[in-house]
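Working notes, structure below.
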Amino acid sequence: MGLIWILLLSLLEPGWPAAGPGARPRRDAGGRGGVYEHLGGAPRRRKLYCATKYHLQLHPSGRVNGSLENSAYSILEMTAVEVGIVAIKGLFSGRYLAMNKRGRLYASESYNAECEFVERIHELGYNTYASRLYRTVPSGPGAPRQPSAERLWYVSVNGKGRPRRGFKTRRTQKSSLFLPRVLDHKDHEMVRLLQRGAGLRGGLPGPPGKGTQPPRRRQRKRTRGGHA
Numbered sequence: 001m002g003l004i005w006i007l008l009l010s011l012l013e014p015g016w017p018a019a020g021p022g023a024r025p026r027r028d029a030g031g032r033g034g035v036y037e038h039l040g041g042a043p044r045r046r047k048l049y050c051a052t053k054y055h056l057q058l059h060p061s062g063r064v065n066g067s068l069e070n071s072a073y074s075i076l077e078m079t080a081v082e083v084g085i086v087a088i089k090g091l092f093s094g095r096y097l098a099m100n101k102r103g104r105l106y107a108s109e110s111y112n113a114e115c116e117f118v119e120r121i122h123e124l125g126y127n128t129y130a131s132r133l134y135r136t137v138p139s140g141p142g143a144p145r146q147p148s149a150e151r152l153w154y155v156s157v158n159g160k161g162r163p164r165r166g167f168k169t170r171r172t173q174k175s176s177l178f179l180p181r182v183l184d185h186k187d188h189e190m191v192r193l194l195q196r197g198a199g200l201r202g203g204l205p206g207p208p209g210k211g212t213q214p215p216r217r218r219q220r221k222r223t224r225g226g227h228a
């Protein structure tokens, strides 16, 4: 009887894995916890609402900023490319959110390494999105080499709706905190209009490479008598 109790207690030890052999820990690219583990599957359609009360939006011109109004350019598709790594695409602009080596946010026409962001859950219930490619690394002979000494560059929108440069951001700042919001009725209606190619499409450009010019009207030739 004592042997049976020992076996039961050993199965309850925290050192034993609670999931199957295919389970993966919730860690980001730097080994830190608190990230989403969604991998693959259909993109999530969301609106990123910043703690500064702006929705992040991506314009067809490549501009990135925040909007206080209900904007079609703030409807985003978020796709997991790896564990804790996401790509963020504007559904109406057809462009990807990206950060260059100078820490500037822009909307890229094509997907590249600058379009990958580390998605983490913040303690306050918000999410943060940091560039996977760029960060501030301590320099000098006495600089520490631990990953914790590096400072990540975050997607950030200030109180005026303008993006901040990555090297000036911190994960605890309001401008770096985002709440992924599900689409409301108006957003879904705009998506349906886009998919149908209805009137709303006339004021918004289509996906890259698919833009077409409207057909020209044929002019009827006139005869000398003035009749067609």
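Take the sequence shown: its letters are residues 1 to 228, numbered as in UniProt numbering.
Idealized CB from N, CA, C, for every residue including glycine.
C-beta contact flag for residue i and residue j at 8 Å
i: tyrosine 96; j: phenylalanine 178; result: no
i: serine 175; j: asparagine 158; result: yes
i: tryptophan 153; j: arginine 170; result: no
i: glycine 161; j: asparagine 100; result: no
i: lysine 47; j: leucine 91; result: no
i: methionine 190; j: alanine 42; result: no
i: tyrosine 111; j: alanine 87; result: yes
Under the three-state DSSP convention, the category residue i falls into
i: lysine 89; result: strand
i: alanine 42; result: coil
i: proline 205; result: Interpretation of proline 205 is limited by its pLDDT of 42, a score under 50 that renders its predicted location unreliable; no figure is taken from the coordinates.
i: glutamate 119; result: strand
i: valine 191; result: helix
i: arginine 165; result: coil
i: alanine 98; result: strand
i: tyrosine 73; result: helix
i: glutamate 109; result: coil
i: serine 176; result: helix
i: residue 229; result: Since the first and last residues shown for the chain are 1 and 228, residue 229 lies out of range.
i: arginine 196; result: helix
i: histidine 185; result: helix
i: histidine 59; result: coil
i: arginine 170; result: coil
i: residue 243; result: A question about residue 243 goes unanswered here, because the residues of the chain that appear run from 1 up to 228.
i: lysine 160; result: coil
i: threonine 52; result: coil
i: leucine 152; result: strand
i: glycine 125; result: coil
i: leucine 133; result: strand
i: glycine 103; result: coil
i: serine 139; result: coil
Straight-line gap, residue i to residue j (C-alpha atoms, nearest Å)
i: cysteine 115; j: leucine 68; result: 24 Å
i: glycine 84; j: arginine 120; result: 7 Å
i: arginine 104; j: phenylalanine 117; result: 14 Å
i: histidine 59; j: histidine 188; result: 19 Å
i: glutamine 195; j: leucine 183; result: 16 Å
i: glycine 62; j: alanine 107; result: 4 Å
i: leucine 133; j: glycine 94; result: 22 Å
i: threonine 172; j: alanine 98; result: 21 Å
i: alanine 113; j: methionine 78; result: 15 Å
i: arginine 45; j: asparagine 70; result: 15 Å
i: histidine 185; j: tyrosine 129; result: 26 Å
i: histidine 122; j: alanine 51; result: 12 Å
i: arginine 151; j: arginine 102; result: 14 Å
Residue i burial status per 10 Å Cβ neighbour count (16 or more: buried)
i: leucine 124; result: exposed
i: histidine 55; result: buried
i: arginine 181; result: exposed
i: lysine 89; result: buried
i: proline 138; result: exposed
i: serine 156; result: buried
i: arginine 164; result: buried
i: glycine 166; result: buried
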